[in-house]
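Please read the structure below before turning to the comments.
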Amino acid sequence: MSKYILKRVLISLLTLLAIIFVLFLMLDYMPGSPFNDEKLNAAQKALLYAKYGLDQPFIIRFFKYVAAVFKGDLGLSYVLNKNKPISEMLAGPLGVSIRVGALGMLLGTVLGLVLGIAAALNHNSWVDSLCSVVSILGVSVPAYVFALLLAYFVGFKMGLIPILYSSKNVAKSFIGPMIALAMSPMASVSRFTRSEMIDVLGSDYILLVQAKGVKQSDLILKHALRNTLIPIITIMGPILVNLLTGSMVVESVFGVPGIGTMMVTAIQSNDYNVTIACAFTYSAMYIVMMLIIDILYGVIDPRIRVAKEGS
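Taking the numbering used here, the leading residue of the sequence shown gets 962, the next gets one more, and so forth.
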């Protein structure tokens, strides 16, 4: 087991290094400069480049940055908050993004379970068809489209939710992005719950419980749902990862001061260090989550571990 975990950790670290390299390469070829002030002449820009080490060769800058990252240093901001450590800048927005993502995940999971159970209990009926349509919409339509629809119709037309984030009413400001982010996990959990619940309800185990005269509510909640939840838990990790990486545009739509909004602003202002730090944070969260899922899969099902060790 230790060999398996060590292999997954090494692969994750190499993946992170590759991501940093690609980010550096992309930003190196991007047009523009973080020092676009018209008041600066060529000599002053050259001094700024020398001050921040941007005049050094690409490969030297890359290895210096990697060494700093492993020490917890993500560099300094050039534009958004001049000379402020990016690790301090990320602390607040990262917390906001995690809260919004967690709320969206929670809402989506609860709604998905309800829809999936309703569809399974009313198999091949209009209720099943309606739940399936809702699930298909949740999977097919991107989260930012739901965000725009909510902002326009529910926020602007009806005035029920804030169109833009307000620090004076944080709870209400989270409603729009939370619902938009909840659509995708709701659809995935709903479809998976429906499929698993139909299989469980048709099993010999449930037929035996029915023969004992157990109430319908106890049959569903204590027996069928419990057995359905076991495989559903295994898909929660990938869903959460997709939710975190997909929150960037939704945050921008509602003006939520999360890491997604910071990244968009950094790209627009050519703040290279902040852009790389935000992208790296997203990538690190994704890889760490997938690493945890990979290890848990190996613990839960030894066949997966043996197969991957063999490959």
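For every residue, glycine included, the Cβ atom is placed at its ideal position computed from N, Cα and C.
According to DSSP, residues forming a beta bridge with residue i
i       : result
PRO1046 : LEU1037
Simplified DSSP state of residue i, which is helix, strand or coil
i       : result
LEU1110 : helix
ASN1130 : coil
MET991  : coil
TYR1013 : coil
ASN1188 : helix
MET1251 : helix
LYS1000 : coil
MET1119 : coil
VAL1329 : Past the boundaries of the shown model lies residue 1329; the chain is included only from 962 to 1272, so the question cannot be answered.
LEU1125 : coil
ASN1234 : helix
Delimiting residues of the alpha helix (DSSP H) encompassing residue i
i       : result
ASP1160 : 1136-1162
LYS1025 : 1019-1030
ILE1097 : 1087-1101
LEU1169 : 1165-1172
SER1208 : 1208-1215
GLY1221 : 1220-1229
Residues near residue i by beta carbon distance below 6 Å, same chain, minus five either side
i       : result
SER1149 : ILE1200
PHE985  : PHE1023
VAL1210 : TYR1105
VAL1115 : LEU1121, ILE1122
SER1151 : GLY1073, LEU1076, GLY1077, SER1096
PHE1107 : ALA1141, MET1144
ARG1155 : GLY1077, ALA1080, ALA1081
Own chain, CB closer than 7 Å to residue i, minus 5 neighbours either side, in chain order
i       : result
ARG1274 : In the structure displayed, the chain extends from 962 to 1272; residue 1274 sits before or after that span and is not available.
PHE1135 : VAL1061, LEU1064
VAL1057 : VAL1217, PRO1218, GLY1219
SER1213 : GLY1221, THR1222, VAL1225
ILE1059 : none
VAL1161 : ILE1167, ALA1185, ASN1188, THR1189
ILE1124 : ALA1112, GLY1116, PHE1117
PHE966  : Rather than Phe, the amino acid found at residue 966 in this sequence is Ile. Taken in chain order, the residues that qualify are ILE1256.
Contact set for residue i: own chain, Cβ-Cβ below 8 Å, skip 5 residues either direction
i       : result
LEU1111 : ILE1122, GLY1137, ILE1140, ALA1141
SER1145 : GLY1069, GLY1099, VAL1100, ALA1104, ILE1200, ASN1203, LEU1204, GLY1207
LEU977  : PHE1241, SER1244, ALA1245, ILE1248
VAL1030 : ILE981, PHE1241
HIS1084 : ILE1159
TYR1126 : SER1134, PHE1215, GLY1216, VAL1217, PRO1218
ILE1196 : SER1149, VAL1150, PHE1153
ASN997  : ASN1231
LEU1008 : none
Short CB-CB distance (under 8 Å) between residue i and chain C
i       : result
ASP1165 : Among the protein chains of the structure shown there is no chain C, as only one such chain exists.
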